[in-house]
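Novice:
Number of protein chains: 2
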Amino acid sequence: MEPTQPPLEQTKIVEAMWRSKGLRLTGPRRVIFGVISEMTNHPDVVELHRRIQAVDRRISLATVYRNLRQLVEVGIVIRYAFDHGRSRYELASRPHQDHLIDRKSGKLIEFHSSELEKLLNELAARHGYRIVSRRLEIYVEALAAADLRD
Amino acid sequence: MEPTQPPLEQTKIVEAMWRSKGLRLTGPRRVIFGVISEMTNHPDVVELHRRIQAVDRRISLATVYRNLRQLVEVGIVIRYAFDHGRSRYELASRPHQDHLIDRKSGKLIEFHSSELEKLLNELAARHGYRIVSRRLEIYVEALAAADLRD
DNA sequence: ATAGTTGCAAACGCTTTGCAACTCC
DNA sequence: GGAGTTGCAAAGCGTTTGCAACTAT
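Listed in order, the protein sequences are those of chains R and C.
The numbering used here puts the first residue of the first sequence at -1, with every later residue one more than the last.
The numbering used here puts the first residue of the second sequence at -1, with every later residue one more than the last.
1. Would you be able to state if there are at least three C-beta pairs under 8 Å between the stretch 84 to 99 of chain R and the stretch 90 to 110 of chain C?
2. For chain C, find out if any of its Cβ atoms is closer than 9 Å to the Cβ of R:ARG132; answer yes or no.
3. Please identify, using Cβ separations under 8 Å, the residues of the stretch 9 to 40 of chain R that lie next to chain C, in order along the chain.
4. Any contact of the stretch 77 to 86 of chain C with the stretch 31 to 49 of chain C, i.e. 3+ C-beta pairs under 8 Å?
5. Take C:ARG124 as the anchor and find which of R:ASN119, R:ALA140, R:ARG124, R:LEU117 has the nearest alpha-carbon.
6. The alpha helix (DSSP H) with C:HIS47 in it runs from where to where?
7. Under 9 Å between the Cβ atoms of R:VAL62 and R:ILE11?
8. Is it buried or exposed, C:ALA122, if we count other Cβ atoms within 10 angstroms and call 16 or more buried?
9. Which residue marks the beginning of the alpha helix (DSSP H) containing R:PHE31, and which one marks its end?
10. Which one of R:THR38, R:GLU108, R:VAL70 has the shortest CA to CA distance from R:MET15?
11. Could you tell me which residues DSSP pairs with R:PHE109 in its beta bridges?
12. So for R:ALA90, helix, strand or coil by DSSP?
13. Establish whether the CB of C:ILE107 and some CB of chain R are separated by less than 9 Å.
14. My assumption, with CB atoms under 8 Å, is that C:TYR78 sits in contact with C:HIS40. Please give the rounded CB distance.
15. Strictly below 9 Å CB to CB, what residues from chain C border R:ARG67?
16. Which residue wins for smallest C-alpha separation from C:PHE80, given the options R:GLY25, R:LYS19, R:VAL33, R:ARG132?
Here it is in structure tokens:
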């Protein structure tokens, strides 16, 4: 039934969040936020910059860095500095995933436990902190005859 | 002139481990390994270098870096790159702990919760697995210090 | 009008490395 | 003796920043 309305592409979540904070919106920001809105995994600056330049070649790496920094500051984006290479970024709105990793089979299971969530929050609070983000990797080994699929 | 036995000070665990791998032992290494053997928390290179130079002023930062790198390679030391500042180092022989990391202050809190331990074991078992090891890093923010920033 | 943003290039902080002298086995 | 190690200074790499031109409000 829908006529040929512009696909209204993926809503730019980040732009909306930014506006809701009453912050200034510029040309480069529109592009940057658009790209960031669509990131699903954990891209690094170079990858983001590449995608951003695909839209507008003039946007500099410095601007990408500056905006990422601001997005992290206002809590829209999370920055990870796992190893010592480039940082990786993630939309803060995504619910956090924890992982079970079976090195033998190479299987990786994502899970989410509200019980765990609750316990971790308590642990943090006990030390006077609020959790910003976390990283949980559990390395496991199959129990006897557990030939699980998935 | 020698009294009885030299106090045999704190055993230099790292030196012993290194020897057991048949690797070369030099003057600077003896000092570096001695300092590393005694590290209890998660010092960074600068802190380690300071302690090392307190013993032998001539040992360079480059040498400390090079040896840390080798120790990590052979698995004696673990390197953490929590925030984006200097890496922090820990003796691998210590039982693994979970970490609370305050990126703003750079503070790092180790904790251990048997409650958490139990829950994780349950979660793994629920999926048909047994835990081999894990890595948990919780990034936090001080509760009260929310409006302390400029 | 003006406070904020941008691109550029230079500066920064942590870490690594090329080199020549030195040292442990 | 010779492979491995060291100190030094310089280079590398990811990230930040000073500046002058620009732009959103």
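Quick reminder that beta carbons are idealized off the backbone N, C-alpha and C, glycines included.
Specialist: In brief:
1. no
2. Here the question's residue 132 of chain R lines up with position 134 in the first sequence. True, the Cβ-Cβ gap to chain C drops below 9 Å.
3. Those would be none; no residue qualifies.
4. yes
5. Position 126 of the second sequence, counted from the first residue, corresponds to residue 124 of chain C. Minimum Cα distance to C:ARG124 is reached at R:ALA140.
6. If you number the second sequence from 1, residue 47 of chain C lands on position 49. First-last of the alpha helix (DSSP H) with C:HIS47: 43 to 53.
7. For this step, residue 62 of chain R is matched to residue 64 along the first sequence. For this step, residue 11 of chain R is matched to residue 13 along the first sequence. The answer is no: Cβ separation not under 9 Å.
8. Along the second sequence, one-based indexing puts residue 122 of chain C at 124. Here C:ALA122 is buried, its C-beta having at least 16 other C-beta atoms within 10 Å.
9. Numbered from its first residue, the first sequence carries residue 31 of chain R at position 33. It spans 25 to 35 - the alpha helix (DSSP H) in which R:PHE31 sits, taken as one unbroken run.
10. For the purposes of this step, residue 15 of chain R is taken as residue 17 along the first sequence, with counting starting at 1. The shortest Cα separation from R:MET15 among R:THR38, R:GLU108, R:VAL70 belongs to R:VAL70.
11. Indexing the first sequence from 1 puts residue 109 of chain R at position 111. According to DSSP, R:PHE109 bridges with R:ASP96.
12. Taking the first sequence and counting its residues from 1, the one referred to as residue 90 of chain R is at position 92. R:ALA90: coil per DSSP, three-state reduction.
13. Residue 107 of chain C sits at position 109 when you count from the first residue of the second sequence. So yes, C:ILE107 belongs to the interface.
14. What you label residue 78 of chain C is simply residue 80 of the second sequence in a count that begins at 1. What you label residue 40 of chain C is simply residue 42 of the second sequence in a count that begins at 1. That pair is a contact at about 7 Å.
15. Against the first sequence, residue 67 of chain R aligns to sequence position 69. Here the premise fails: no neighbours, minimum Cβ distance about 11 Å.
16. As a working mapping, residue 80 of chain C is identified with position 82 in the second sequence. Comparing Cα positions, the closest option is R:ARG132.
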